[in-house]
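Asker:
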Amino acid sequence: MTTPYSHRPGTHDHAGPPPGCPAHGLVADAFGGDHLAPSGLRRLYGPEAENDPMGLYEKLRAEHGSVAPVLLHGDVPAWLVLGHSENLHMTRTPSQFSRDSRRWSAVNNGSVPPDHPLAPIFTWQPICVFADGADHERLRGAVTDSIGRIDHRGVRRFINRYSNRLVNEFCQDGKADLVSRFAEHLPMMVMIQILGMPEEYSEQLVQAARDMIKGTETAVESNEYVMGALNRLVVRRRAAPREDFASWLVEHPAGLTDAEVAQHLRLVLIAAYETTANLIANVLRMVLTDPRFRAQLSGGHMTLPEAVEQTLWDEPPFTTIFGRWAVGDTELGGQRIKAGDALVVGIAAANVDPVVRPDVNASMQGNRAHLAFSGGPHECPGQDIGRAIADTGIDALLLRLPDIQLAVPEEDLRWSASLMSRHLQELPVTFAARPPQDVAGPPSATPQHAPRTEWQVESPRPVPAQAAPGPAVVPPPVPMAPAGAQPPTAPPAGQIPQQRRPAAPARAWQAVVRWWRGY
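In my numbering, each residue carries its 1-based index in the sequence shown increased by 56.
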């Protein structure tokens, strides 16, 4: 088996790493600081990659610069692109870096078997994500045209309805895990409605969708389960088309075959589901733990769509995207890339590239230059649907549960990571128990007959170590209103809190909100 370091200009020899290679010869830290393969390369799988992927990226950046040699599952060699500009160049230049996995030399020489754990990700299929040029334009055109037919107002109705339904399942408990009971289910509920297969919704489908991109031993089986549901949908829509995404693909003038339709449904479902489930969990975590988010949201200086965008910089739903394959010998980031080499789009690493973001704590509000949805001709076409599911669903949740608080210290939160994503395992919260509401109506923080107060997210304040029984802590005084000012009144049910848009006329703003949310 070769490694990227075995390359010599104009040759295809299989020698080991060259003398002076910065990764070669490093030894594992006895305390777990470095976990290197015998070749001296770092693995994008295993304990280090799963426990601290961002730390791993920074080690690779320090050792190799903007493009680093790494090992995938089974110690298969590849290149991880860490630099922001290098990622943009790679994703925008398909003539040099193709999406056609049949170019991968490791597949062609048998180094990567068909049952490899990452097979569901890289195995060539007749879909736009593995195509370039005219084939890509034909297949991608069918997808983008069909996405363009989606009624966004109608989608927001479903988002609100399903958000309300999910909250109803735990609102009386006074506590919940927002990952397993909200973030993991809302995107799937919305996406299967868009695709036209609500009857297929099940816990098994949710878990299979998340498992199939992890590179686990059951990933191939999970992929087969998802494809079974989608193949059944294609058969039904060939026989009886409806107003849904599956029917639009079936009927598109591009003339997609049943296999092409099913594979594109899989692509849209899995990409949208995994991305949005992670995005919802990440935004909620930041809202509950980050003082910047909490203060700006509560004070009206940041809207939820802006909070979503900041999260796409800080915690992108996909940490990497595999893969690109070199069309010919080339150079990227100072590294010699050989024809047939595999490359990985380093989304999370590029988002914190010091060249474009020297201060990672600086607000990126209003800046959409992140790579959360990749770039170039293969940039995610459904990213606005994912944004809508996230910001509409989270807003609905916070309106229903305005006093929500994190139930554990932030440092106790646990993460799971795979090659392509990193997500929270749990996000436990507490809140005052509330009765269920009508799932057909818009969400609100109180029953419909009672006025609603403004939602303001708070997390438990840390208790000083010297705290002991004694005088009660007196909260800071509430600022006095100017002389002659009228006392504030609570906004009516269903209205966006005044703190977010204090100057907007109430009646006009309510009309805008109803239109935006789709009811």
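We put the beta carbon where it would ideally sit given N, CA and C, even for glycine.
Rounded to the nearest angstrom, what separates residue 169 and residue 272 at their Cα positions?
Answerer: On the sequence shown, position 113 is the one that residue 169 refers to. On the sequence shown, position 216 is the one that residue 272 refers to. Distance between the alpha carbons of residue 169 and residue 272: 15 Å.
Asker: What is the residue span of the alpha helix (DSSP H) that residue 316 lies within?
Answerer: Taking the first residue of the sequence shown as position 1, residue 316 is located at position 260. Residue 316 -> alpha helix (DSSP H) spans 314-345.
Asker: Between the segment 422-439 and the segment 320-337, can you find at least three pairs of beta-carbon atoms closer than 8 Å?
Answerer: Taking 8 Å as the limit for Cβ pairs, the verdict is that the segment 422-439 does touch the segment 320-337.
Asker: Suppose the cutoff is 7 Å on Cβ atoms and the five residues either side in sequence are ignored; what does the same chain contact list for residue 241 look like?
Answerer: Along the sequence shown, read from residue 1 onward, the residue named residue 241 stands at position 185. Excluding positions up to five away in sequence, the list reads 222, 262.
Asker: Where does residue 445 fall in DSSP's three states?
Answerer: Along the sequence shown, read from residue 1 onward, the residue named residue 445 stands at position 389. It is helical.
Asker: Report all residues from its chain with a CB closer than 7 Å to the CB of residue 297; omit the five preceding and five following residues, and keep chain order.
Answerer: Your numbering for residue 297 matches position 241 in the sequence shown. Correct list, in chain order: 303, 306, 307.
Asker: Using only alpha-carbon positions, find the residue among 128, 402, 335 that is nearest to residue 479.
Answerer: As a working note, residue 479 is residue 423 in the sequence shown. When each option's Cα is compared against that of residue 479, the closest is 335.
Asker: Is it buried or exposed, residue 216, if we count other Cβ atoms within 10 angstroms and call 16 or more buried?
Answerer: Numbered from 1 along the sequence shown, position 160 holds the residue referred to as residue 216. When all chains shown are included, residue 216 counts as buried.
Asker: Could you tell me which whole alpha helix (DSSP H) segments of length 4 or greater appear in the segment 386-472?
Answerer: Listed in chain order, they are 403-407, 439-456.
Asker: Starting from the C-beta of residue 320, find all residues in its chain whose C-beta is less than 8 Å away, skip the five residues before and the five after it, and write them out in chain order.
Answerer: Residue numbering aside, residue 320 sits at position 264 when the sequence shown is read from its first letter. Taken in chain order, the residues that qualify are 183, 184, 195, 198, 199, 305, 312.
Asker: Going by DSSP, name the residue or residues bridged to residue 486.
Answerer: The sequence position of residue 486 within the sequence shown is 430, counting from 1. Answer is 231, 461, bridged to residue 486.
Asker: Which parts of the segment 215-293 are runs of the beta strand (DSSP E), unbroken and 3 residues or longer, counting only runs that do not cross its ends?
Answerer: Listed in chain order, the complete beta strand (DSSP E) runs (minimum 3 residues) inside the segment 215-293 are 231-233.
Asker: Please name the residue in 156, 462, 226 whose C-alpha comes closest to that of residue 347.
Answerer: Along the sequence shown, one-based indexing puts residue 347 at 291. Measuring from the Cα of residue 347, the nearest candidate turns out to be 462.
Asker: Residue 140: buried (16+ other C-beta within 10 angstroms of its C-beta) or exposed?
Answerer: Here residue 140 refers to the residue found at position 84 of the sequence shown. With 16 or more other Cβ atoms within 10 Å, it is buried.
Asker: CA-CA distance, residue 581 and residue 365?
Answerer: Residue 581 lies beyond the stretch modelled for the chain, which goes from 57 to 575, so this question has no answer here.
Asker: Based on the DSSP output, what are the partners of residue 124 in its beta bridges?
Answerer: On the sequence shown, residue 124 is found 68 positions in, with the first residue counted as 1. Its beta-bridge partners are 136.
Asker: Under the assumption that residue 409 contacts residue 138 (Cβ atoms under 8 Å), give the Cβ distance between them as a whole number of angstroms.
Answerer: Within the sequence shown, residue 409 is the residue found at index 353, counting from 1. Within the sequence shown, residue 138 is the residue found at index 82, counting from 1. Sure, about 7 Å apart at Cβ, within 8 Å.
Asker: Cα-Cα, which of 399, 456, 229 is closest to residue 150?
Answerer: The count along the sequence shown starts at 1 and reaches residue 150 at position 94. Checked all of 399, 456, 229; the closest Cα to residue 150 is 399.
Asker: Pull the bridge partners of residue 478 from the DSSP assignment, please.
Answerer: Stepping through the sequence shown from its first residue, residue 478 is reached at position 422. Paired residue(s): 473.
Asker: Could you please give me the residues that DSSP links to residue 381 through a beta bridge?
Answerer: Against the sequence shown, residue 381 aligns to sequence position 325. Paired residue(s): 154, 398.
Asker: Identify whether residue 98 lies in helix, strand or coil by the three-state DSSP scheme.
Answerer: Residue mapping note: residue 98 aligns to position 42 of the sequence shown, counting from 1. Strand.
Asker: Can you tell me whether residue 545 is helix, strand or coil according to DSSP?
Answerer: Here residue 545 is taken as the residue at index 489 of the sequence shown, counted from 1. Per-residue confidence for residue 545 stands at a pLDDT of 44, beneath the threshold of 50, marking its modelled position as unreliable; the derived number appears in the next sentence. Coil at residue 545, not helix or strand.
Asker: Measure the beta-carbon distance from residue 136 to residue 402 and round it to whole angstroms, keeping in mind my assumption that it falls under 8 Å.
Answerer: Mapped onto the sequence shown, residue 136 falls at position 80. Mapped onto the sequence shown, residue 402 falls at position 346. With a Cβ gap of about 5 Å, residue 136 and residue 402 count as contacting.
Asker: Which residue or residues does DSSP assign as beta-bridge partners of residue 92?
Answerer: Numbered from its first residue, the sequence shown carries residue 92 at position 36. Its beta-bridge partners are 98.
Asker: Quick one: Cα of residue 235 to Cα of residue 337, how far?
Answerer: Locating residue 235 in the sequence shown gives position 179, counting from the first residue. Locating residue 337 in the sequence shown gives position 281, counting from the first residue. Roughly 6 Å separates the two Cα atoms.
Asker: Tell me which residues share the same chain as residue 161 and place their Cβ nearer than 6 Å to its Cβ, disregarding the 5 neighbours each side in the sequence.
Answerer: On the sequence shown, position 105 is the one that residue 161 refers to. The answer, listed in chain order, is 396.
Asker: Measuring only the C-alpha atoms, how far is residue 246 from residue 103?
Answerer: Residue mapping note: residue 246 aligns to position 190 of the sequence shown, counting from 1. Residue mapping note: residue 103 aligns to position 47 of the sequence shown, counting from 1. Straight-line Cα distance between these residues: approximately 34 Å.
Asker: Spell out the partners DSSP gives residue 374 in its beta bridges.
Answerer: Along the sequence shown, read from residue 1 onward, the residue named residue 374 stands at position 318. DSSP, once it has assigned bridges, lists 477 as partnering residue 374.
Asker: Could you tell me the distance, in whole angstroms, from the CA atom of residue 476 to the CA atom of residue 445?
Answerer: Taking the sequence shown and counting its residues from 1, the one referred to as residue 476 is at position 420. Taking the sequence shown and counting its residues from 1, the one referred to as residue 445 is at position 389. Rounded to the nearest angstrom, the two C-alpha atoms are 21 Å apart.
Asker: Looking only at its chain, what residues have a beta carbon closer than 7 Å to the beta carbon of residue 267, apart from the 5 residues adjacent to it on each side?
Answerer: For the purposes of this step, residue 267 is taken as the residue at position 211 of the sequence shown. Counting only Cβ-Cβ distances below 7 Å, and skipping sequence neighbours, we find 274, 275, 278.
Asker: Looking at the unbroken alpha helix (DSSP H) that takes in residue 202, where does it start and where does it end?
Answerer: Here residue 202 refers to the residue found at position 146 of the sequence shown. Segment 189-204, the alpha helix (DSSP H) holding residue 202.
Asker: Any beta carbon from chain B within less than 9 Å of residue 179's own beta carbon?
Answerer: Judged by its chain identifiers, the structure shown contains no chain B, having just a single protein chain.
Asker: Our contact map puts residue 152 next to residue 383 with C-beta atoms below 8 Å; I'd like the distance itself, whole angstroms only.
Answerer: Translated into the one-based positions of the sequence shown, residue 152 becomes position 96. Translated into the one-based positions of the sequence shown, residue 383 becomes position 327. Indeed they touch by this definition, with Cβ atoms about 6 Å apart.
Asker: Can you name, in chain order, every residue of its own chain whose Cβ lies under 6 Å from the Cβ of residue 368, other than the five neighbours on each side?
Answerer: The residue given as residue 368 occupies position 312 in the sequence shown. The answer, listed in chain order, is 426, 428.
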